[in-house]
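Trainee: Position 175 (the sequence shown) corresponds to 159 in the working numbering; numbering is contiguous.
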Amino acid sequence: MTQAETNVTVKPQWLRVKAPQWERVGNVKEILRDLSLNTVCEEASCPNIGECFSAGTATFLIMGPACTRACPYCDIDFEKKPQALDPTEPERLAQAVQRLKLNHVVITSVNRDDLPDGGASQFVECIQAVRSTMPDTTIEVLIPDLCGNWQALEIILAAKPDVLNHNTETVKRLYRKVRPQGKYDRTLELLQRSREIAPAVYTKSGIMVGLGETDAEIREAMQDLRAVGCDILTVGQYLQPTQKHLNVESFVPPEQFDAWREFGESLGFLQVVASPLTRSSYHAEQVRELMKLYPR
């Protein structure tokens, strides 16, 4: 094995996570199983699952667990014809938010390209159910690109989530490789339209690194996101879920993430969360403090 191969197959020290408090993790898992709910924490093999579950937080994955896209970086199962939507899912999700006593909830979904509205109506039902059950809980939705269905986007925004998150995932040059069914410009347009349609809603996006991008390309993507009014940015290290997925091209050191955070802050992002273990929903509850600092 060459030195280069060693560098991208052995995780460096900064990517090691503390063992979770399994009693608390088990309690969260028990609630999720009891209510037959999925989380992206589990389905996407997030490295922060121990920390988040120990803190009693989770990112709920609706309309899943199977996705109509097979992105080569993602560990969520692919299914060309997934199951019909479950009308009881919104109420079960709201019950979980209540039982977990969440101050901030993140609701994301698989891609449902088989549905005319991409699942927008199910997002709305979930938002309304949580608001009815836990009116003081802030709500973040992490949505797919809806295949560019802007009417569907308007439907979601009309439900007034506090945060609209849509991940960019990678730089423009690598889109065909990393996100073959997505479009870089469509992602930017979704975020721009969100700002125009609902200026009171905070917009957010995330980028993975370690897939072969350059520092200059990351900075260009950050500039593109600020140009469409994106408020919050997350930057984290890509980790290969299995041997079938895209290889890690490099493990980016913590100091590089610090440099990107400083650059992002200089561009005017309200918040930049950048570290090797950062994921789009990692410490998402911090947005509550952000909303106090920058009210709308």
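Positions of the beta carbon are idealized from the N, C-alpha and C atoms, including for glycine.
All figures in this text were calculated on a predicted structure; none of them were measured in a lab.
Closest by CA to Lys228, which one among Asp18, Cys58 and Leu21?
Mentor: Cys58
Trainee: From the DSSP output, read off the bridge partner residues of Thr43.
Mentor: Val90
Trainee: What is the DSSP secondary structure of Ile60, counted as helix, strand or coil?
Mentor: coil
Trainee: What are the boundary residues of the alpha helix (DSSP H) that Met275 is part of?
Mentor: Val271 to Leu277
Trainee: Applying the 10 Å Cβ sphere with the 16-neighbour rule, what's the burial state of Val81?
Mentor: Buried, since its Cβ has 16 or more Cβ neighbours within 10 Å.
Trainee: So for Pro260, helix, strand or coil by DSSP?
Mentor: coil
Trainee: Taking only three categories from DSSP, how would you classify Leu217?
Mentor: Strand, per DSSP.
Trainee: By how many angstroms is the C-alpha of Pro100 removed from the C-alpha of Glu14?
Mentor: 34 Å
Trainee: Report the partner residues of Glu153 according to the DSSP bridge assignment.
Mentor: Ile191
Trainee: For Thr226, does the count of other Cβ atoms within 10 angstroms reach 16, so buried, or fall short, so exposed?
Mentor: exposed
Trainee: So, with DSSP's three-state summary, where would you put Gln(-3)?
Mentor: helix
Trainee: Do His88 and Val282 come within 8 Å of each other at the CB atom, strictly closer than that value?
Mentor: Beyond the ends of the chain as shown, which are -15 and 280, falls residue 282; an answer cannot be given.
Trainee: Leaving out the 5 sequence neighbours to the left and right, which residues in its chain are closer than 6 Å to Asp48 when beta-carbon positions are compared?
Mentor: It should be pointed out that residue 48 corresponds to Gly in this sequence rather than to Asp. Counting only Cβ-Cβ distances below 6 Å, and skipping sequence neighbours, we find Asn22 and Val94.
Trainee: Pull the bridge partners of Tyr168 from the DSSP assignment, please.
Mentor: Looking at the DSSP assignment, Tyr168 forms no beta bridge with any residue, so it has no partner.
Trainee: How far does the beta strand (DSSP E) with Thr122 in it reach, from first residue to last?
Mentor: Thr122 to Leu126
Trainee: Looking at C-beta atoms only, is the number of pairs between the region 172 to 179 and the region 209 to 228 that lie closer than 8 Å three or more?
Mentor: Between the region 172 to 179 and the region 209 to 228, the count of Cβ pairs shorter than 8 Å is three or higher; the stretches touch.
Trainee: Any idea what DSSP makes of Gln255, helix, strand or coil?
Mentor: strand
Trainee: With distance defined between alpha-carbon atoms, name the residue in Asp146, Tyr222 and Leu172 nearest to Gln207.
Mentor: Leu172
Trainee: Given this structure, state the Cα-to-Cα distance separating Met118 from Arg163, to the nearest angstrom.
Mentor: 35 Å
Trainee: At what residues does the alpha helix (DSSP H) containing Val108 begin and finish?
Mentor: Run containing Val108: Ala104 to Thr117, per the alpha helix (DSSP H) assignment.
Trainee: Nearest CA to the CA of Asn231: which residue from Gly190, Lys188 and Gly194?
Mentor: Gly194
Trainee: What is the residue span of the alpha helix (DSSP H) that Glu201 lies within?
Mentor: Per DSSP, Glu201 belongs to the alpha helix (DSSP H) from Asp199 to Ala211.
Trainee: Per DSSP, Asn22 is paired with what?
Mentor: Leu45
Trainee: Taking contact to mean at least 3 C-beta pairs separated by less than 8 Å, is the region 251 to 265 in contact with the region 129 to 137?
Mentor: no
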